[in-house]
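Contents: one structure, followed by commentary.
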Amino acid sequence: MPEFRQKLDRPRTDWKRIGIKCLKKWSLKFSHVSVEQMRTKFKTTVNDLEQQYIPEKIYTMNRKRKCKWITKATVNQIKERERAWKQYRQFPSGRNFENYKQIRNKVVSMIRSDEEEYNSRILMGFKGKPKRFYGHMRRLQTVKDNVSAVKRPSGELTTTDQQVADVLGNFFQSVFTKEDEVQDQSKVVHDDDTALRTANLNIDFSAEAVVNKLQRLQPDKSAGPDNLHPVLLRNCAAAVAEPLSIIFKKSFETGHVPLDWKTANIVPIYKKGSKTDPANYRPVSLTSVPCKIMESFIKEALLKHLNQFNMISQLQHGFIEGKSCLTNLLESLECWTKALDEGYGVDVLYLDYRKAFDSVPHKRLLQKLTLYGINGSTLIWIENFLTLRTTRVGVRGYFSGWFQVLSGVPQGSVLGPLLFLLFVNELPSWIVNSMRMFADDTKVWAYIRSTEDSQSLQKDLDSLTTWSNEWLLHFNPDKCKIMHIGHKFDTKYYMLDDSRKVELQSTSVEKDLGVFTTDNLKPSLQ
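Quick note on numbering: our numbering labels position 188 of the sequence shown as 491, and the sequence is numbered without any gaps.
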């Protein structure tokens, strides 16, 4: 039996009517109340209007997906083919079979033609719409990456979605960093003038600025636990901008982040390796859309301050405007091919953090932010944003219990990636050889002319290990690797001394930012 569910039919909604109902005297309604009360009143008003004016529709969970490219003419010809087949089965003769065969061949030709025309239209519509492209490619996959059964600590496989959610929830809790003592600021490598460059962030939370943000929301994104959908916020931007503007200003002035904004539903995203291993899933958080809008205001102000003083390392390519996976790979390959042309070899260390985004210690992160001149209301708001967060894991409608987030920056938030970049920003100052970073993907290399060069690279590895121990962002020794490119020198083996001494595994092929890199730099594996 098909499973029936209900959902709001937003495409058939009269958004203008909802917008008119939202036009209230919010400044009077919000007078002499806290940020939490403002958020509650706004959320209740919007949710009530959703239930009142957005119609519901019933859909089946296991219905078969029809081929979108089949035209009405082809459907009619398919029916004609079925009639011809029945005619042949009822009166078997060479003439009836030839008639059926002609119609059958025509149907095959028409289906192929319809599919080609459909694919042509799809390809023409991909420009500027990457989500549509990736959605189309996912539908073509025969093997899906959805989470299925995972191993429990006992080694047994889960049998239900509820068990999967519970196991992943327990695992994601286990990776949090427990922070006791705060690091001494004098040990942080930074520019002497950095601490003096105080960020004077004048953030424009006006209704006009909020409208501009709302109108750029992507309607196909998901809502957070507060159920404020981006479709509604975008279509009613002019009406909801005023209350959101007031809430943003009050939140920033008081440094208080509403509790709804600090809750999230985790969607486990498969990365690589065994699908039954909980460690091979990335916890991406679905957070409140209004909170993301406010985060975007703060992020823009922070980037303006950081770029003004060139504080972000030029070796960082992740989440930076004008840089990408491509620039990271091109710069690395340029250095390595140059070394080979000059007759040298290269040893490359591929370093992997242990759950990097989820294990960033909050106190140490906030301490680093002060060294970049981020203080006052901005620092207080970010501290409140990071602390006392709660989350749960969701798998196809089944949820684990709520649990508190003790460390890390939320994956799926707007501010999270920038905060992580600032946490690892001083890494290049700890080494003497070359380095490139893409968020948590780090590679360090040295030209190998003699054994002294490999010893120098080992010292860099020791320095980075010291940094990771001091700042509680540990490397995963089992996933860190060494690649010897273009040489056969008797180089010293490389040891990573984390909680235990581990000799790094040597590799001849490494998948770096989605591209296979080999020890001879030939691209034949792509």
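Don't be surprised by glycine CBs; every beta carbon is placed ideally from N, CA and C.
Check, Outcome
"Inside the segment 714-762 only - beta strand (DSSP E) runs reaching at least 3 residues", "737-741, 744-751"
"Same chain only: Cβ atoms within 7 Å of Val338, ignoring 5 sequence neighbours per side", "Ile550, Lys553, Ser554, Thr557, His559, Pro561"
"Residue range of the alpha helix (DSSP H) that includes Gly697", "Careful: Gly697 lies outside any alpha helix (DSSP H), inside the beta strand (DSSP E) at 692-698."
"Segment limits, alpha helix (DSSP H) that includes Tyr584", "Element bounds for Tyr584: not the alpha helix (DSSP H) but the beta strand (DSSP E), 584-589."
"Neighbourhood of Thr810 by C-beta, 6 Å cutoff - its chain only, sequence neighbours within 5 removed", "Lys784, Met786"
"Inter-residue spacing [alpha-carbon to alpha-carbon] between Arg752 and His620", "28 Å"
"Per DSSP, the bridge partner or partners of Tyr833", "In the structure as shown, the chain begins at 304 and stops at 829. Residue 833 is therefore absent and cannot be evaluated."
"Straight-line Cα distance separating Tyr647 from Gly431", "43 Å"
"Close-in-space but distant-in-sequence residues of the same chain around Val470 (CB under 7 Å, 5 per side omitted)", "Val453, Arg455, Thr461, Pro581"
"Residue interval of the alpha helix (DSSP H) (run including Met427)", "397-427"
"As assigned by DSSP and simplified to three states, the class of Val467", "helix"
"Residue closest to Lys595, alpha-carbon to alpha-carbon, out of Ser477, Leu517, Ile321", "Leu517"
"Spatial distance of Ser330 from Ala541 (CA atoms)", "15 Å"
"As assigned by DSSP and simplified to three states, the class of Gln829", "coil"
"Selected residue, minimal CA-CA separation from Leu426, among His439, Cys638, Ser416", "His439"
"DSSP state of Lys490 mapped onto helix, strand, coil", "With a pLDDT of 45 at Lys490, under the threshold of 50, the predicted position of this residue should be treated as unreliable, though the coordinate-derived value follows. Lys490: helix per DSSP, three-state reduction."
"Spatial distance of Phe702 from Thr690 (CA atoms)", "22 Å"
"Pairwise C-alpha distance: Pro720 and Phe429", "27 Å"
"Spatially closest choice to Lys626 from Ser396, Phe741, Ala749, by CA coordinates", "Phe741"
"Contact check, Phe475 vs Pro586, beta carbons under 7 Å", "yes"
"C-alpha gap between Gln393 and Lys375, whole angstroms", "27 Å"
"C-alpha gap between Leu504 and Leu672, whole angstroms", "14 Å"
"Thr566 to Lys782 span [Cα, whole Å]", "31 Å"
"Met614 in three-state terms, based on DSSP", "coil"
"Status (buried if at least 16 other CB within 10 Å, exposed otherwise) for Arg537", "buried"
"Beta-bridge partners of Lys454, as assigned by DSSP", "Leu460"
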